[in-house]
Amino acid sequence: MPTAAVAALAMLAGACVLSGRERAAVDGRPQSLYLWLIPETAPRYRVGEAVVFHVALGTRQTTTQTVTGLSHGSVEFFVLPAGPDGPRHQRGVSPVFSPLEPPAGDAPVTSPTHLRRDFLFTTLTAKPGKYVLRCVYSTPEPANPDRLMRVYARPAPFEVIEDAPVLQRHSNGLITRHEALRLACEATGRPGAPADARLVVDEMGFHKWWVNVNESDAATTASVSYFVDPYQGRVWARARPFDPTVKQDDLPISLESEVIQKLRERRRTEFPTAPGR
6 MPTAAVAALA MLAGACVLSG RERAAVDGRP QSLYLWLIPE TAPRYRVGEA VVFHVALGTR
66 QTTTQTVTGL SHGSVEFFVL PAGPDGPRHQ RGVSPVFSPL EPPAGDAPVT SPTHLRRDFL
126 FTTLTAKPGK YVLRCVYSTP EPANPDRLMR VYARPAPFEV IEDAPVLQRH SNGLITRHEA
186 LRLACEATGR PGAPADARLV VDEMGFHKWW VNVNESDAAT TASVSYFVDP YQGRVWARAR
246 PFDPTVKQDD LPISLESEVI QKLRERRRTE FPTAPGR
């Protein structure tokens with residue numbers, strides 16, 4: 006069995022054996038919901054690598070339970086260094102998401118099936134070290150919709166190894182312009198060719214690097230153009246070359262994740278933990 010599959014199964018098994026504290030709601034009453042946080046691959050990554058975690062929500066009830074769907078709004082993530090001093094350095098971290106995505110609506114969950122969603126992270130691997138990713142899900146209580154029920158997943162450990170970066174990224178997780186130019190030039194089979202790039206936002210609300218690659222230094226128009234995914238660092242699709250003579254206002258690197266985090270910090274002063282954890 007592949008190593009990644011073994012790691013995922015181990016995490017799944019660990020998630021099933023939750024302690025009494027992890028099953029407790031904030032007020033100490035037993036919860037009907039449970040949450041799994043599982044890495045897509047073996048949790049050992051290189052600097053700059055994009056990382057996917059699976060989140061699954063299930064119910065212990067025998068009847069269907071209506072809950073809030075899984076999204077960046079209902080699921081929050083926190084990363085901290087492994088070790089006893091880790092909680093002092095805990096910080097919120099946001100997955101990749103579109104600001105155009107509507108709020109998650111109601112979703113039915115029935116045992117033994119689960120709600121499941123994959124979350125892509127681009128800021129977890131900025132520095133080498135051993136870390137822990139925490140995950141908390143919120144949904145209104147059935148008997149009191151004005152009150153949130155919080156469900157905690159077993160923390161997921163992971164390691165970022167000391168190695169040459171896979172990709173150079175800005176602090177917000179987007180790959181740099183230099184990386185986008187390199188990837189597009191390599192896709193044409195002409196590494197180091199003259200090229201230009203612009204950061205744009207597509208109709209879905211996601212960023213893309215739009216890269217023109219010129220045939221030669223003397224060329225006045227691009228011979229080929231690509232969209233480069235700034236999250237996973239790969240050439241996404243061929244594109245129509247943009248006109249370099251048309252001035253584009255400088256597009257700031259999106260700080261959406263930081264803005265979201267600041268708003269969340271206004272709602273709380275620390276990570277909400279279940280009693281006794």
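If you read the sequence shown in this note's numbering, its first letter stands for residue 6, the second for the next number, and so on.
All residues carry an ideal CB built from backbone N, CA and C; glycine is no exception.
Going by DSSP in three states, Arg182 sits in which element: helix, strand or coil?
It is helical.
From which residue to which residue does the beta strand (DSSP E) around Met154 run?
153-157 is the extent of the beta strand (DSSP E) around Met154.
For the putative contact between Leu120 and Ala112, defined by C-beta atoms under 8 angstroms, what is the C-beta separation to the nearest angstrom?
Right, the Cβ-Cβ distance comes to about 6 angstroms (below 8 angstroms), so this counts as a contact.
Can the beta-carbon of Leu38 be found closer than 9 angstroms to that of Val141?
Result no, Cβ atoms of Leu38 and Val141 do not sit closer than 9 angstroms.
Enumerated in chain order, which unbroken segments of the beta strand (DSSP E) with a length of 3 residues or greater are wholly contained in the segment 195-239?
As far as the segment 195-239 is concerned, its whole beta strand (DSSP E) runs of at least 3 residues are 200-206, 212-218, 229-234.
Is the segment 126-138 touching the segment 164-175, taking contact as three or more C-beta pairs under 8 angstroms?
In this structure the segment 126-138 touches the segment 164-175; the number of beta carbon pairs closer than 8 angstroms is three or more.
From Leu204 to Ala169, what distance separates their C-alpha atoms?
For Leu204 and Ala169, the distance between alpha carbons rounds to 25 angstroms.
Which of helix, strand or coil does DSSP assign to Thr193?
Helix at Thr193.
Looking at Asp158: is its Cβ nearer than 9 angstroms to the Cβ of Leu75?
It should be pointed out that residue 158 corresponds to Ala in this sequence rather than to Asp. In this structure, Leu75 does not lie closer than 9 angstroms to Ala158 by Cβ.
Is Pro108 helix, strand or coil by DSSP?
For Pro108, the secondary structure class from DSSP, reduced to helix, strand or coil, is coil.
Hey, quick one: how far does the beta strand (DSSP E) through Phe126 stretch, first residue to last?
Where Phe126 is concerned, the enclosing beta strand (DSSP E) stretches over 120-126.
Report yes if the C-beta distance between Ala87 and Gly53 is below 9 angstroms; otherwise report no.
Cβ atoms of Ala87 and Gly53: not closer than 9 angstroms.
Nonlocal neighbours in the same chain, by C-beta distance under 6 angstroms from Glu191, ignoring five residues either side:
Around Glu191: no qualifying Cβ.
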